[in-house]
Amino acid sequence: EVHLVESGGGLVEPGGSLRLSCATSGFIFSGHTMNWVRQAQGKGLEWVASIGSSDIHTFYADSVKGRFSISRDNAKNSVYLQMNSLRVEDTAVYYCARDIPFSSFDMWGQGTLVTVSS
Amino acid sequence: DIQLTQSPSFLSASVGDRVTITCRASQVINNHLAWYQQKPGKAPKLLIYSAFNLQSGVPSRFSGSGSGTEFTLTISSLQPEDVATYYCQHLHTYPLSFGGGTKVEIK
């Protein structure tokens, strides 16, 4: 069975940093692009970042470009999101999701809450 | 960048009604579109992939259609457990994006 479990969320002050992790199991992790998606309270879904299966190709939403960095460790079946220079507007639940190219995000984690506040 | 416009943003219908949600893309995205259902406090759940393919385990009352720039999600007979917010997403090119969502309630 496929599992994705996010961790690392919490309360951080504006300007601070946080590193999210997504541990996966039940599938060939190295064969899939992985993604981060976020959702602010009461708002819609926002794609944040994607990383290709080989770690060479990364893509970011304009809202986080230059501040966030996505990475992966295929030996640990995990994907990460390093978030720097955090802003109040980055407050959201962050989900990791498995990618089927041009088709869908077919599996999602349960999410981890990031709160940026002084 | 490709924008997705979902309509309506809110929908109230009776049990057994046929419900249709529309997603319009700002440029051609072939069939590179997915539909998700999200219930409060839960992660999104994939319903339809590649515009019209039903994800395994999803009830057959859900269907997707369309190609190019116009797509629809149809619930053939609305059930109480279908109360949720529905999102479309394009996977045509980066940056990826989601529609604004359609909240479905029972009248």
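As you go down the protein sequences, you meet chains A and B in turn. For reference, each letter of the first sequence is one residue, going 15 to 132 in this note's numbering. For reference, each letter of the second sequence is one residue, going 4 to 110 in this note's numbering. All C-beta atoms, glycine included, are put in the ideal place defined by N, C-alpha and C.
Beta-carbon to beta-carbon, residue 32 of chain A and residue 97 of chain A are separated by about 5 angstroms, close enough to satisfy the 8 angstroms threshold. For the 9 angstroms CB-CB criterion, residue 132 of chain A and residue 27 of chain A form a contact. Taking C-beta atoms under 8 angstroms as the contact rule, residue 39 of chain A and residue 22 of chain A fail to qualify, at a distance of about 17 angstroms. In the structure shown, the three-state DSSP call for residue 16 of chain A is coil.
Straight through space, the alpha carbons of residue 101 of chain B and residue 61 of chain B are spaced by roughly 20 angstroms. One alpha carbon belongs to residue 63 of chain A, the other to residue 30 of chain B, and they sit about 21 angstroms apart. Among the residues of chain A, those whose CB is under 9 angstroms from the CB of residue 101 of chain B are 51, 58, 59, 60 and 61, following chain order.
Under DSSP, the beta-bridge partners assigned to residue 48 of chain B are B/40.
Inclusion of residue 52 of chain A and residue 94 of chain A in the CB contact set at 9 angstroms is not warranted, their separation being larger than that value. Taking a Cβ-Cβ cut-off of 7 angstroms, the neighbours of residue 109 of chain A in chain B comprise 46, given in sequence order.
Assigned with DSSP and collapsed to three states, residue 79 of chain B falls in coil, not helix or strand. Contacts with chain B (Cβ-Cβ distance below 9 angstroms) from the region 73-105 of chain A involve 73, 74, 75 and 76, listed in chain order.
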